[in-house]
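J.:
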DNA sequence: TTCATTGCAAAGCCTTTGCATAAGT
DNA sequence: ACTTATGCAAAGGCTTTGCAATGAA
């Protein structure tokens, strides 16, 4: 009911805990990068996040963004996604369900998808080879409705 | 029946046609790289192929291997695979069915898989978003039977 | 003869690292 | 105080590109 106590799943708290647990230190830069990152909706590159972070903190360095992004992945707040275009992207992970990606090759539009049957069969295939599955990557590439009509404007 | 006439699907012929069609030129280097590539079973990096090619042709350059590999992909004889470890790999594509990959994170072992149900549902998911599918990438990561017992020797 | 290819080295590109300084704990 | 973090710039690692020389067609 209170407005001032931080919510259970407050990313800043989660991150602070993660930092503290490993004897690391919380800094204004890390707080700030996390804050900006949590406002992002889709999949940002380090470069893109760096640009946005810099808007409100001129002195921050690119390397700090890279380093913090790795930490965020470690803490479970972020997740790396490699769409195969040579850039690493990061998306929010906290409190979100696993999902895969459907990517339009015309306009770059990116739809998050989840198909229980696919997920289930992935487990089955792995098991049939005696593997235990830790994770997977599924990217579907195609053309969205708009780009099917008018490809690559 | 004849031994001397090249088989229908002779890679050298396919590649030569591809080269000729676009006004490019066939060279000993390209022939040689293709020949060595076709002897590879799994998924080779440009570096690995370069090393093998060099065994029998000391003067060949790394760049030529890179360039030829791109051409081979264009001709449909090769296919790029990005397992997410920072290296591009290439596998033979000609006359082979599509397949995905199941990768052991312990020993790097790589099993080719194919699940019709998964394939079918990928199409369905794309269609449900109005997308037409051109291709996809599915990588399953886990531990093979051996590495489950004795992880990372 | 003409235009693509080659091999070398240099450049690109994204990401990581080294280091002196700054700053959490 | 003791260590970690920061920002800068340099270094890495893989891939691509520029260029003069070479070689297909």
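Chains as they are written, first to last, in the working numbering: chain V, 1 to 153; chain R, 1 to 153.
Built from N, CA and C at the ideal position, the CB exists for glycine as well.
Cα-Cα, which of 46(V), 92(V), 129(V), 134(V) is closest to residue 112(V)?
T.: 92(V)
J.: How many angstroms separate the CA atom of residue 101(R) from the CA atom of residue 83(R)?
T.: 9 angstroms
J.: Tell me whether residue 64(V) sits in a helix, a strand or coil according to DSSP, three-state version.
T.: Residue 64(V) falls in the helix class under three-state DSSP.
J.: Let me check understanding here. Comparing Cα to Cα, which of 137(R), 9(R), 24(R) lies closest to residue 238(R)?
T.: Missing from the structure shown is residue 238(R); chain R here goes from 1 to 153 and no further.
J.: Where does residue 135(R) sit, in a helix, a strand or coil, going by DSSP?
T.: strand
J.: Could you tell me whether any Cβ in chain V is nearer than 8 angstroms to the Cβ of residue 115(R)?
T.: yes
J.: Between the alpha carbons of residue 23(R) and residue 53(R), how many angstroms are there, rounded?
T.: The alpha-carbon separation between residue 23(R) and residue 53(R) amounts to approximately 25 angstroms.
J.: Since residue 102(R) meets chain V, which of its residues come closer than 8 angstroms, beta carbon to beta carbon?
T.: 125, 126, 129, 131
J.: Please classify residue 105(R): does DSSP put it in a helix, a strand, or coil?
T.: coil
J.: Between the stretch 124-139 of chain V and the stretch 133-148 of chain R, do at least 3 Cβ pairs fall closer than 8 angstroms?
T.: A contact between stretches requires three or more CB pairs, one per stretch, nearer than 8 angstroms, and the stretch 124-139 of chain V meets this requirement with the stretch 133-148 of chain R.
J.: Quick check on residue 128(R): buried or exposed, where buried means 16 or more other Cβ atoms within 10 Å of its Cβ?
T.: exposed
J.: Just how far apart, CA to CA, sit residue 152(R) and residue 106(R)?
T.: Annotation note: pLDDT 48 at residue 152(R) (below 50); position unreliable, coordinate value reported separately. Spanning the two alpha carbons is a distance of roughly 5 angstroms.
J.: Pull up the distance between the alpha-carbon of residue 17(V) and that of residue 30(V), whole angstroms please.
T.: Near 13 angstroms, if we compare the C-alpha coordinates of residue 30(V) and residue 17(V).
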